[in-house]
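Numbering (this note's numbering), first residue to last: 179 to 379. Even for Gly, the Cβ is constructed at its ideal location relative to N, Cα and C. None of these values were measured; they are calculated from a predicted model.
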Amino acid sequence: MEISEGGTAKGLFFRRFLAHPTRVGSLFPSSRALSDLIAAHVRRADGEYVIEIGGGTGTVTQAILSSGVPADKLMVVEIDSVMAEFLRKTYPAVTVLEGSVFDIKELLPQPAIGNVGCVVCELPVTLLPLEAQKRLVETIVSLLPRNRPFFVLTHGLGSPIPAKKLGLVGKRTGFTLRNFPPASVWSYARDPEALKEGPTR
Ligand SMILES: C[S@@+](CC[C@H](N)C(=O)[O-])C[C@H]1O[C@@H](n2cnc3c(N)ncnc32)[C@H](O)[C@@H]1O
Numbered sequence: 179m180e181i182s183e184g185g186t187a188k189g190l191f192f193r194r195f196l197a198h199p200t201r202v203g204s205l206f207p208s209s210r211a212l213s214d215l216i217a218a219h220v221r222r223a224d225g226e227y228v229i230e231i232g233g234g235t236g237t238v239t240q241a242i243l244s245s246g247v248p249a250d251k252l253m254v255v256e257i258d259s260v261m262a263e264f265l266r267k268t269y270p271a272v273t274v275l276e277g278s279v280f281d282i283k284e285l286l287p288q289p290a291i292g293n294v295g296c297v298v299c300e301l302p303v304t305l306l307p308l309e310a311q312k313r314l315v316e317t318i319v320s321l322l323p324r325n326r327p328f329f330v331l332t333h334g335l336g337s338p339i340p341a342k343k344l345g346l347v348g349k350r351t352g353f354t355l356r357n358f359p360p361a362s363v364w365s366y367a368r369d370p371e372a373l374k375e376g377p378t379r
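Here you go:
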């Protein structure tokens with residue numbers, strides 16, 4: 179594993195993009211503005227865990243922590259071993275689950291099972307085939323209570339997944355030009371009631 183990769187987080191992100199372009203899906207990490215926008219969607223009851231899927235080099239991780247989520251209640255899933263190591267070193271109090279979100283049932287430690295209040299997904303979901311999007315949605319939905327939405331970051335305006343086809347309702351709940359490229363946050367749920375509330379902490 180190439181842990182000795184030095185330099186800035188941005189440099190590391192770019193090198194991991196070059197190594198796995200479609201898996202990383204973006205040349206640059208999310209900007210501060212976009213990270214704050216995503217973090218503003220996070221809500222959890224006391225004791226519940228937040229799961230961030232695709233932590234990268236941690237810009238959103240930092241924003242979620244800054245928004246008030248305790249580090250010991252944040253779990254970040256990251257498939258790239260170099261980025262996972264970077265996250266562990268930068269945020270030692272956060273649990274970094276190294277592996278694919280599709281294996282989260284095996285990765286998730288006991289205290290979080292059945293106790294997840296919020297999931298944010300930062301994978302390049304538009305690049306996934308429909309079958310993988312379906313498995314991703316099923317995985318995420320299975321982690322959450324029925325009345326909770328989950329959130330997906332996307333570069334663009336349209337829904338990054340075909341919500342109706344996947345048995346979801348969805349709406350765009352955030353947009354910023356202060357990211358390259360401009361980006362949106364979409365909220366999805368099986369139950370339309372779950373989308374009635376705006377983003378809260
Ligand atoms: C678009 S980047 C987002 C990075 C970071 N969250 C940000 O906003 O700057 C997507 C991240 O998802 C990770 N990833 C891709 N497929 C994954 C999977 N199946 N399971 C977990 N992480 C994955 C990539 O390695 C990459 O770090």
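Beta-ladder partner(s) of residue i, from DSSP
i, result
"Ser365", "Phe329 and Lys349"
"Glu226", "DSSP lists no partner for Glu226."
"Met261", "For Met261, which the question treats as bridged, DSSP gives no partner whatsoever."
"Leu252", "Val228"
"Glu294", "Note that residue 294 is Val in the sequence shown here, rather than Glu. Beta-bridge pairing links Val294 to Tyr227."
"Glu276", "Glu256"
Any non-hydrogen atom of ligand 1 closer than 6 Å to residue i Cβ
i, result
"Asp458", "Summary: the structure shown does not reach residue 458, with the chain confined to residues 179 through 379, and so no result is reported for it."
"Met261", "yes"
"Glu300", "yes"
"Arg266", "no"
"Arg201", "yes"
"Thr237", "yes"
"Val255", "yes"
"Val247", "no"
"Gly234", "yes"
"Ser209", "no"
"Val315", "no"
"Val294", "no"
"Val127", "Because the chain is modelled from 179 through 379, residue 127 falls outside the range shown and cannot be assessed."
Same chain, Cβ closer than 7 Å to residue i, five either side skipped, listed in chain order
i, result
"Arg368", "Val319, Arg324, Gly345 and Leu346"
"Tyr276", "Residue identity differs from the one stated: residue 276 is Glu in this sequence, not Tyr. Excluding positions up to five away in sequence, the list reads Glu256, Ser259 and Ala262."
"Thr354", "Ala211, Leu212, Leu215, Pro360 and Ala361"
"Phe206", "Lys188, Phe191 and Phe358"
"Glu371", "Asn325"
"Leu373", "Pro327, Val347, Lys349, Ser365 and Ala367"
"Arg266", "Val274"
Cβ distance (whole Å) where residue i is taken to contact residue j below 8 Å
i, j, result
"Cys296", "Arg221", "6 Å"
"Ser213", "Ala241", "4 Å"
"Thr317", "Val279", "6 Å"
"Gly334", "His219", "No, Gly334 and His219 are not in contact; Cβ-Cβ is about 17 Å, not under 8 Å."
"Glu226", "Val298", "Not really, about 14 Å apart at Cβ, beyond 8 Å."
"Gly236", "Thr268", "6 Å"
Cβ neighbours of residue i in the same chain (closer than 8 Å, five flanking residues each side left out)
i, result
"Leu308", "Pro340 and Lys343"
"Val202", "Phe191, Arg194, Phe195, Gly234, Asp258 and Pro302"
"Phe328", "Cys296, Val297, Val298, Cys299, Ile318, Val319, Leu322, Ser365, Tyr366 and Ala367"
"Leu305", "Thr200 and Gly203"
"Lys312", "Leu344"
"Ser208", "Ile216, Gly234, Thr237, Val238, Glu300, Leu331, Asn357 and Ala361"
"His198", "Asp258"
Cβ neighbours of residue i in the same chain (closer than 6 Å, five flanking residues each side left out)
i, result
"Ile181", "Only weak support exists for where Ile181 lies, its pLDDT of 38 falling under 50; the value from the coordinates is given anyway. Excluding positions up to five away in sequence, the list reads Glu263."
"Ile229", "Met253, Val294 and Val297"
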